[in-house]
Amino acid sequence: MVWHQSRRFRRKSVGSSMFSIPGYPMMDKYAWHEPQWRVVRERMHLLPQAMLIVANRGTGKLGFASRLAGHLLCEADAQLRPCQDCKSCSMKDSGHHPDLHLLTTEAANETAVSFLGDHVQRYCADDRPKKGTKSKPSSIINVEQVRSVSRALQMTSARGGNRVCLVTPADALNINAANALLKILEEPFPGTYFILLTSQLHTLPPTVRSRCSVLNLQNPSLADSTSWLENGGEIDSNLARSLLTCGFGPLEVQQMFNSGSPDKLASFATELADVVGRGEASDLIASRLVEIGPRLGLRLIQQQLVRGLRISVGCEEPNDRLARVLRIGLGRDGCHRLYTKIGRYLHWPRGAVDERLFLEDIAWRLARSGAEGD
125 MVWHQSRRFR
135 RKSVGSSMFS
145 IPGYPMMDKY
155 AWHEPQWRVV
165 RERMHLLPQA
175 MLIVANRGTG
185 KLGFASRLAG
195 HLLCEADAQL
205 RPCQDCKSCS
215 MKDSGHHPDL
225 HLLTTEAANE
235 TAVSFLGDHV
245 QRYCADDRPK
255 KGTKSKPSSI
265 INVEQVRSVS
275 RALQMTSARG
285 GNRVCLVTPA
295 DALNINAANA
305 LLKILEEPFP
315 GTYFILLTSQ
325 LHTLPPTVRS
335 RCSVLNLQNP
345 SLADSTSWLE
355 NGGEIDSNLA
365 RSLLTCGFGP
375 LEVQQMFNSG
385 SPDKLASFAT
395 ELADVVGRGE
405 ASDLIASRLV
415 EIGPRLGLRL
425 IQQQLVRGLR
435 ISVGCEEPND
445 RLARVLRIGL
455 GRDGCHRLYT
465 KIGRYLHWPR
475 GAVDERLFLE
485 DIAWRLARSG
495 AEGD
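Residue 471 in our numbering is what sits at position 347 of the sequence shown, and the numbering runs on without skipping anything.
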């Protein structure tokens, strides 16, 4: 099989990561990516200049992209992985390869993975005021960043080989940035490869998607994820499996354990199951969402709503007390409406709406659900 425009590869996956993320154990590779990596490696000579890698959050897609970028930049004739010995590999691993370009957000910059190094700083403009009130880091990739990359790619390759531009997350591109990137993808520079990463394919403009070959990385199995977590340190296996079945990726779960979030999430789920339908509890729900991290808590609620919908059509769900309470309190239509409302919020850039007001609205809907039959 050759690479074709918009061809989707759906084989079972496994790949490697050559960097560490704060809170994640150092790994040479993620075992669940290896079969798919071998498929990509066998077709390296047919690799399209624009790839769109799609995978769920916390499953290692940036590690897969890093390995691919390293292979494209490596100056040796490596087979399944970059040699790690040539000058190009050394520069990439040290975080300042001149032919590796990275487009990301300010928010990602503030929690940058170690391998990104100076690659993050090169195009990550900080537009926040230097004085006065503090503002949250931007969660979008703006048009000036794309234009800066375009100007840089017009220059000759510093190492005389390939150039790679990583865009992560690609769904953070605003409309102007997406249009500017589209112009580059329509007439790509010779010897330049674009690797876009996203966990929300549907949010990308169709024009950008049409210019890329899509590579879908499948999720690791529950057994693979649990094994990986157990090898990374002491964890509560039952709690880890519960979080994994809620839709969180293994890398996310590992970060949660390092930050103490799993216990907070478990406590929040228990409390929420106790107070759903009690109108006077809306302030408590909103406060608890703020404490554990609004987006983390909202994603947990979303997953429980999905479980509630599955229960409503006869599916059995483990550890489903909260899901059953939500299903009974909100009803099938109410679960669907609330899931959609939270989903829209999670797709908006941070700061696009008043976060506290939104949380209070969600808390009010949950608290009144049983009493008013929403």
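Where a beta carbon is used, it is the ideal one built from N, C-alpha and C, also for glycine.
Every value quoted in this text rests on a predicted model; they were computed, and no experiment measured them.
C-beta atoms of residue i and residue j nearer than 8 Å
{"i": "Tyr-469", "j": "Phe-482", "result": "yes"}
{"i": "His-321", "j": "Val-291", "result": "In the sequence on display, residue 321 carries Leu and not His. Taking 8 Å as the Cβ cut-off, Leu-321 and Val-291 qualify as a contacting pair."}
{"i": "Ala-174", "j": "Leu-341", "result": "no"}
{"i": "Asp-348", "j": "Trp-161", "result": "no"}
{"i": "Leu-450", "j": "Cys-439", "result": "no"}
{"i": "Asp-397", "j": "Leu-446", "result": "According to the sequence shown, residue 397 is Ala rather than Asp. Yes. Within cutoff."}
{"i": "Ser-493", "j": "Val-400", "result": "yes"}
{"i": "Ile-466", "j": "Gln-426", "result": "yes"}
{"i": "Leu-408", "j": "Cys-370", "result": "no"}
{"i": "Leu-224", "j": "Val-267", "result": "no"}
{"i": "Ser-323", "j": "Arg-181", "result": "yes"}
Inter-residue CB distance, residue i and residue j (contact presumed, cutoff 8 Å)
{"i": "Gln-278", "j": "Tyr-247", "result": "In fact, because the Cβ distance is near 15 Å, the residues do not count as touching under 8 Å."}
{"i": "Ser-345", "j": "Glu-354", "result": "In fact, because the Cβ distance is near 14 Å, the residues do not count as touching under 8 Å."}
{"i": "Ala-231", "j": "Ser-263", "result": "5 Å"}
Counted within 10 angstroms of its Cβ, other Cβ atoms place residue i as buried (16 or more) or exposed
{"i": "Gly-453", "result": "buried"}
{"i": "Ile-435", "result": "buried"}
{"i": "Gly-284", "result": "exposed"}
{"i": "Thr-183", "result": "buried"}
{"i": "Ala-491", "result": "buried"}
{"i": "Ser-391", "result": "exposed"}
{"i": "Lys-153", "result": "buried"}
Member of the options whose CA lies at the smallest distance from the CA of residue i
{"i": "Trp-472", "options": "His-195, Arg-167, Trp-352 and Leu-297", "result": "Leu-297"}
{"i": "Leu-389", "options": "Asp-407, Ser-366 and Val-400", "result": "Ser-366"}
{"i": "Val-332", "options": "Gly-219, Ile-319, Gln-342 and Asn-343", "result": "Ile-319"}
{"i": "Ala-393", "options": "Cys-198, Gly-371, Gly-417 and Gln-428", "result": "Gln-428"}
{"i": "Asn-343", "options": "Phe-188, Ala-294 and His-169", "result": "Phe-188"}
{"i": "Asn-286", "options": "His-169, Ala-491, Val-437 and Ile-425", "result": "His-169"}
{"i": "Ala-179", "options": "Pro-386, Arg-461, Ser-391 and Gly-373", "result": "Gly-373"}
{"i": "Arg-191", "options": "Lys-211, Asp-217, Cys-210 and Arg-181", "result": "Asp-217"}
Rounded separation between residue i and residue j - CA only
{"i": "Glu-376", "j": "Arg-167", "result": "31 Å"}
{"i": "Gly-359", "j": "Gly-315", "result": "A small fix is needed here, since residue 359 is Ile in this sequence, not Gly. Going from the Cα of Ile-359 to the Cα of Gly-315 covers about 45 Å."}
{"i": "Trp-488", "j": "Glu-415", "result": "17 Å"}
{"i": "Val-338", "j": "Val-163", "result": "14 Å"}
{"i": "Leu-328", "j": "Leu-171", "result": "22 Å"}
{"i": "Ser-78", "j": "Ala-193", "result": "For the chain, the structure presents residues 125 to 498; residue 78 sits outside this window and is missing."}
{"i": "Arg-335", "j": "Gly-384", "result": "42 Å"}
{"i": "His-221", "j": "Gly-421", "result": "38 Å"}
{"i": "Thr-177", "j": "Leu-227", "result": "Per the sequence presented here, residue 177 reads as Ile, with Thr not at that position. Approximately 15 Å between the Cα atoms of the pair."}
{"i": "Arg-480", "j": "Leu-413", "result": "10 Å"}
{"i": "Glu-395", "j": "Val-477", "result": "27 Å"}
{"i": "Leu-325", "j": "Pro-206", "result": "28 Å"}
{"i": "His-195", "j": "Gln-379", "result": "28 Å"}
{"i": "Glu-484", "j": "Glu-199", "result": "55 Å"}
{"i": "Ile-265", "j": "Pro-159", "result": "32 Å"}
{"i": "Gly-497", "j": "Arg-456", "result": "With a pLDDT of only 43 at Gly-497, under 50, the local geometry of the prediction cannot be trusted, and the value read off the model is given with reservation. Cα to Cα, Gly-497 sits roughly 11 Å from Arg-456."}
{"i": "Tyr-317", "j": "Asn-303", "result": "18 Å"}
{"i": "Gly-219", "j": "Val-430", "result": "41 Å"}
{"i": "Leu-197", "j": "Ala-294", "result": "21 Å"}
{"i": "Gly-357", "j": "Gly-417", "result": "24 Å"}
{"i": "Ser-214", "j": "Ala-282", "result": "15 Å"}
{"i": "Leu-306", "j": "Pro-312", "result": "10 Å"}
{"i": "Arg-271", "j": "Leu-433", "result": "45 Å"}
{"i": "Thr-229", "j": "Pro-330", "result": "22 Å"}
{"i": "Gln-208", "j": "Pro-261", "result": "34 Å"}
{"i": "Leu-368", "j": "Arg-419", "result": "17 Å"}
{"i": "Ala-276", "j": "Phe-381", "result": "40 Å"}
{"i": "Cys-210", "j": "Leu-186", "result": "22 Å"}
{"i": "Arg-165", "j": "Asp-387", "result": "41 Å"}
{"i": "Thr-280", "j": "Asp-444", "result": "57 Å"}
{"i": "Ile-299", "j": "Ala-410", "result": "32 Å"}
{"i": "Pro-149", "j": "Arg-461", "result": "Note that Pro-149 has pLDDT 39, beneath the 50 cutoff, so the model's placement of it is unreliable and no number is given."}
{"i": "Arg-448", "j": "Ser-212", "result": "55 Å"}
The ligand HEM heavy atom lying under 7 Å from the CB of residue i
{"i": "Lys-185", "result": "Absence of the ligand HEM from the depicted structure is noted, as is the absence of any ligand whatsoever, leaving it without description."}
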